[in-house]
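J.: Below are the structure tokens for one structure; questions will follow.
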């Protein structure tokens, strides 16, 4: 090996040694003292993965009432548990009330039946509405809350015929409520009625022999209908007074969003 090659190799070794020394002195301590970087959870992604299901309450009060806001344009409160026959078939004061949304068909259900699913509730509603001119939509152990966008008087009339009978059921009296500004409670009349009790007769073109509630907000352009039936569904005890008091509180809580 000639002298020039030896000189080149020597210079290369010296440069390599200098570079290693500088790295060890300046960069290695920084690397060792730098804490590991932990990826923070994306708040948006986290909120999406923990998004409540349609049966999850928005909040629960101290007295056991659940506040719920429906994606279908209204809110309400209802007791977490009620009096009724549980899954064992025995009477209990702690039967849970479940809320199930059917956005496709514009229904919201409150049910105390442990076997109810969205599909069984749809079938019960279909069966309750099977008679063309007598649409009593009170289904067993549940409330079905129907909603619809209302643009004008014709829409309101159509909504009534869809849920109370296509025969002679028409818009009756409207009373401005105190529950919410601009919200009316609407009664239903039959075209062949002489007085409201005529709705109890089978011969009428608009048979309504059960309790119901129909709320309409022209400002919101929405209507809500509830067929309550002839018997109480939700109550703290088996006493009728307690039961209807509980149901009145649910009804009073209904608000258009």
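Residue numbers (my numbering): 15 to 271.
All C-beta atoms in this analysis are idealised placements derived from N, C-alpha and C, irrespective of residue type, glycine included.
Quick caveat, the model's predicted, so the values are computed rather than measured.
1) Indicate the three-state DSSP secondary structure (helix, strand or coil) for residue 269 in the structure shown.
2) Report yes or no: do the stretch 108-124 and the stretch 156-169 share at least 3 C-beta pairs separated by less than 8 Å?
3) What number of angstroms, rounded off, separates the C-alpha of residue 253 from the C-alpha of residue 179?
4) Here's the rule: buried if 16 or more other CB atoms are within 10 angstroms of the residue's CB, otherwise exposed. What is residue 187?
5) Between residue 269 and residue 260, how many whole angstroms is the CB-CB distance? I'm expecting something under 8 Å.
6) Please list the terminal residues of the continuous beta strand (DSSP E) segment that includes residue 168.
7) According to DSSP, residue 93 sits in a beta bridge with which residue or residues?
8) At the level of alpha carbons, what is the spacing between residue 191 and residue 231?
9) Quick one: grab the DSSP three-state call for residue 208.
10) Please list the terminal residues of the continuous alpha helix (DSSP H) segment that includes residue 138.
11) Using C-beta distances below 7 Å, list every residue in its chain close to residue 201, excluding the 5 sequence neighbours before and after it, in chain order.
12) Determine which residues share a DSSP beta bridge with residue 110 and list them.
13) Can you tell which of 135, 196, 244 has its C-alpha closest to the C-alpha of residue 233?
T.: So, to answer that:
1) If DSSP states are grouped into helix, strand and coil, residue 269 belongs with the strands.
2) Here the stretch 108-124 makes contact with the stretch 156-169; the two share three or more CB pairs at distances below 8 Å.
3) In this structure, the straight-line span from the alpha carbon of residue 253 to that of residue 179 is close to 32 Å.
4) Exposed: under 16 other Cβ atoms inside 10 Å.
5) With 8 Å as the limit, residue 269 and residue 260 do not qualify as a contact, their Cβ atoms being about 18 Å apart.
6) For residue 168, there is no enclosing beta strand (DSSP E); the enclosing alpha helix (DSSP H) has its first and last residue at 167-178.
7) In the DSSP assignment, the residues bridged to residue 93 are 79.
8) Distance between the alpha carbons of residue 191 and residue 231: 10 Å.
9) In the structure shown, the three-state DSSP call for residue 208 is coil.
10) Looking at the DSSP string, the run of the alpha helix (DSSP H) that includes residue 138 is 132-142.
11) Excluding residues within five positions, the ones whose Cβ falls inside 7 Å are 186, 187.
12) Partner(s): 95.
13) Considering only alpha carbons, the answer is 196.
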